[in-house]
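Worksheet for the structure shown next.
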Amino acid sequence: MSERNLVPLDNKDKLKEDSIERLITVNPGYEPITLDYMPSQQAFSASKVEKVIYLLFTLTTLEHLSNSGNIPLNICLVIDQSSSMRGEKLFALKSAAKHVVDQLANEDFFSLISFNDRATVVVNSQRVDSRENIKMLIDSIEAKGGTELAQGLNLGIMEMKRATNFTELNHLVLFTDGQTYGDSEQCVYLGMEAARNNISIHPMGIGTDWNEDLLETVAAKTASSSEFINNSDQIAKIFLQKITQFRATLTNNATLKFQAVQGVKVRNAYKIVPNISEMEVIPGNNKGESNFKLGVMRYKHEYKVLIELLLPNCPIGVFHIGDFSVQYTPIEAQKNTAHLKLPIGITITDPAHSSPINPEVKSILEKITTFKLQAKAWQDLSSGDIENGKKKLAAVGTKLLNMGESLLASQVEQELNNLEIRGSATPEGKKRIKYGTRGLTGLFED
Amino acid sequence: MIICPNCGIKQIEGTLFCNDCGIDLTNLEEDANSSHDPSREGKFTTANIPPSNFSMPVVSEQMPLVTPPTVATGPIRKDLKLVVLNTGRRMECPDRSNIIIGRSDAISGETPDIDLSPDDALELGVSRRHACITFREGIPFLTDLGSTNRTFINRQVLMRGQPSMLKDGDEIRMGNAILKVLFKPDAK
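Residue numbers (this note's numbering), protein chains in the order written: chain A, 5 to 450; chain B, 3 to 190.
Structure follows, in C-alpha cells:
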C-alpha cells in the first residue's frame, strides 16, 4: 500500500491526556477504569513502505467502593469422577470443594455435577444455607467409569441457569484429568451456549493426560482460560483464589474498541495479564472499527493489552492514527454502559532521530514471541516436521535462558533430548512449556 | 521489508522479533541507525576482562555432544578474527565453512580448528569441542556444541545446538575463556 493516508494533526494538543473523552460516567466522581497507552517508540523513523508499530495499553481498575451492594455468586463445580481420579486426586478435590462451601456466603448459589460416562447432579442449585448437608453430598462422590465431558458440561449449564436471573456472576469450574472421547464438538458448542447464558467456564486440568487444546477452546468461548494443575496439593489454593477473583468482578463484558483512520490496520492483539493469549480481532459496524473482547475485569487490578498496528507509510510529522475506547457494563449498574475514549497520536521523525525502543514493550513482546514460537514448534512436531519443530523449540530455550527462566529452559532442553532419543516429547513437558511460557508475564499478576 | 538474518524470511519494517524464528531484529535497526565506531577495534587487553561471576569451571566431558549445524549456505568471512582476552592472543579464522573451537586432546590426538590450549583452555573450562562457527550468506553464527561450561555471547547464554549471530565487537565467553570477535562490518 503506497498511498499516503496519514494526515498530520492541525493541533498537537489534541493528543494530550486531558483530551480523554468520558462519554458516560456510571457513578459521578468515581471512574473505576482508567486507560493509558505506551508506543514502542516515542518517535518512529519515517518510512515509505508499510510499517508495523506496537502499542501497549494499560487498563487500571480502582478499588471496589466499600458501600456498594454484595452481588451473590452462582458457582457450579463440575467434577470428573472417572476411575483415573481415584485416590489422591478425588480426595483433594472433594476436600477443596468442601473448603469452598465454607467460604461461600449464605446468599451465594452452589451446585455440583459429577460425570464419568454419564453426568449426575450431586448438589442441585441452591443457596448455601445448608453447608453440612452439601458437604455430606460431596463426600458421597466415588470414582468409576470413563470420561464424557460434554455430559458434565451440559448438566452443569442447565443447573446454573436456574440461578442466572439472580446474579451476573455465573462461573462453572470444571476439574478433569483425562481425555474426553467423541464429544469434542459438543463441548465447544456448550462453551458457546454458556457464553449466551452469561456463564464463564474455567477448566482446570489435573495431571498430564487431559486435552489442553480442547479445554482452552471451550474456555475461550466464554472469554476465560484453562489452567494446568500439576499437583493435587494445589487444587484447594487455586480454587479458593478463583472464588476471591469472581467476587471482585467489576464487569463481565469489557471490550476494547479501535476506530482506525483510513489506511491503518490491526495486525495482531494480545492479552498479557493474567496470561498471554491472542485476542480475536472482531470487525465492528463502522469502517475501520475493530473490537477486542476483554471479558471479565476485576476491581483493583491492572490489565495489559499489546496491539500491533500496520501503518500504510510514515512521512515525518505527528499523526492521529485512530481512537481506542473501552466499553463495559459494571455489574452493579446493569443499565449503564460506560465508555472511555482515548485518541492515539504518534510522532514520526527522520530515521537519525528516532527514539530507542521502550524496554517494557520490548520485553513483553519477547515473551509473546516465545509463547507463539513454542506453539508453532508443537504444530510443526505434530504435523511431522520434526527438524523445524526442534529448531523452534531450541530457539524457545535460548530465549528462556536469556530471560533468566532457567527451570523452564531446562524443561525445553529435556524435551529436545526426548525428541532426539525417543522421537517424541512427553505430554507433561509439553504442558509445562505451554503453560509456563503463557505465564511469562505473570509478574504483573497480583 | 526486513530480511531475518537467521531464517531469511521477509518481515514487515518495524518488526521487533522475527515472526518465524523469534530472533531479536532490533539490533539490525540499531546497527543501521548507528555508525560503526572504529575506536572499538584492536584495543583489547586482559584488563578489559570483566570480573567473573562463575565458580571454578567443571572440566567433565559427560554432556551430550551436539552435531555442528549445517547453516553454511553462502560465502564465508575471510576477515573474521578472534582475540583471546585472557592472553591477548590474536587469531585469524581458518578458511573453512565450519570452524570448531575447543582444546586439543593429547589422548585422541584431535585438534580443533581454533585450539585454545595455548591459552590454558583446560584450566579455563573449555571443552574439547566447545563451539563452532558457521556462515549464512557471509554472516558468522556461533553454536554451542554441548559444552560443559556453556557458551555466552555478550553475557547471554546460548542454547546448546542453536546458532546465534556474531557481530563485530561481540564478546564470546567459553567457560572462563573470553574471546573478542573482530571483522569489518558490511556497509549497509
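Even for Gly, the Cβ is constructed at its ideal location relative to N, Cα and C. Computed from a predicted model, the values in this text were never measured in an experiment.
Interface annotation, A264(A): not in contact with chain B, CB-CB separation never under 8 Å.
Judged by beta-carbon spacing, F179(A) lies within the 8 Å limit of D84(A), meaning their Cβ atoms are closer than that value.
The C-alpha of S329(A) is placed about 13 Å away from the C-alpha of V309(A). Within chain A, the residues whose beta carbon sits less than 8 Å from that of T28(B) are I361 and K366, listed in sequence order.
Per DSSP, the beta-bridge partners of Q158(B) are I155(B). At a cut-off of 8 Å, the C-beta of E173(B) has no neighbouring C-beta in chain A. Across the segment 381-412 of chain A, CB contacts with chain B closer than 8 Å involve K395, K396, A398, A399, V400, G401, T402, K403, L405 and N406, in sequence order along the chain.
Interface residue (Cβ-Cβ distance to chain B less than 8 Å): I83(A) is not classified as such.
The beta carbon of E220(A) sits closer than 6 Å to the beta carbons of S230 from its chain, once the five residues preceding and following it are set aside; these are given in chain order.
With a cutoff of 8 Å on beta-carbon distance, D181(A) and S88(A) are scored as near each other. Excluding sequence positions up to five before and after A379(A), its CB lies within less than 8 Å of the CB of K438, all in the same chain and listed in chain order. The three-state reading of DSSP puts R436(A) in helix, counting H, G and I together.
Around the beta carbon of P360(A), fewer than 16 other beta carbons sit within 10 angstroms, so the residue counts as exposed.
In the three-state reduction of the DSSP assignment, D121(B) falls in the helix class, which pools H, G and I.
For the 8 Å CB-CB criterion, I203(A) and N169(A) do not form a contact. Taking the CA atoms as reference points, D26(B) sits about 18 Å from R162(B). Put simply, the backbone Cα of E173(B) is about 28 Å away from that of P355(A).
In this structure, L18(B) lies away from K269(A), with their beta-carbon atoms at least 8 Å apart. Contact with chain A is absent for F137(B), since none of that chain's Cβ atoms lies less than 8 Å from the residue's Cβ. Exposure of N137(A) is indicated by the presence of fewer than 16 other C-beta atoms within 10 angstroms of its C-beta. With a cutoff of 8 Å on beta-carbon distance, V132(A) and D112(A) are scored as near each other. In terms of CA proximity to L377(A), C20(B) leads the group I4(B), G171(B), P142(B) and C20(B). Around the Cβ of A108(B), a 10 Å sphere holds fewer than 16 other Cβ atoms; the residue is exposed.
Taking 8 Å as the Cβ-Cβ cut-off, the segment 154-169 of chain B approaches chain A at Q158, V159, L160, M161, R162, G163, Q164 and S166, given in chain order. Counting of Cβ neighbours within 10 angstroms places T248(A) among the exposed residues, the total staying below 16. Among the residues of the segment 52-65 of chain A, those with a Cβ less than 8 Å away from any Cβ of chain B are V53, E54, K55, V56, I57 and Y58, in the order of the chain.
Taken in chain order, the unbroken stretches of alpha helix (DSSP H) that lie wholly in the segment 151-234 of chain A and span 4 residues or more are 153-165, 188-200 and 216-225. G321(A) and Y274(A) have their C-alpha atoms some 28 Å from each other. Under the 8 Å Cβ criterion, the segment 99-110 of chain A does not count as touching the segment 53-69 of chain A, having fewer than three qualifying pairs. With its beta carbon at least 8 Å from every one in chain B, T353(A) lies outside the interface.
For the pair G16(B) and T28(B), the Cα-to-Cα distance works out to about 8 Å. DSSP places K291(A) in the coil class of the three-state scheme, outside both helix and strand. Rounded to the nearest whole angstrom, the C-alpha separation of K93(A) and T373(A) is 35 Å. Looking at the DSSP output, I4(B) bridges to Q13(B). Within a 10 Å sphere around the beta-carbon of I101(B) sit 16 or more other beta-carbons, which makes this residue buried. Taken through DSSP and simplified to helix, strand or coil, N406(A) comes out as helix.
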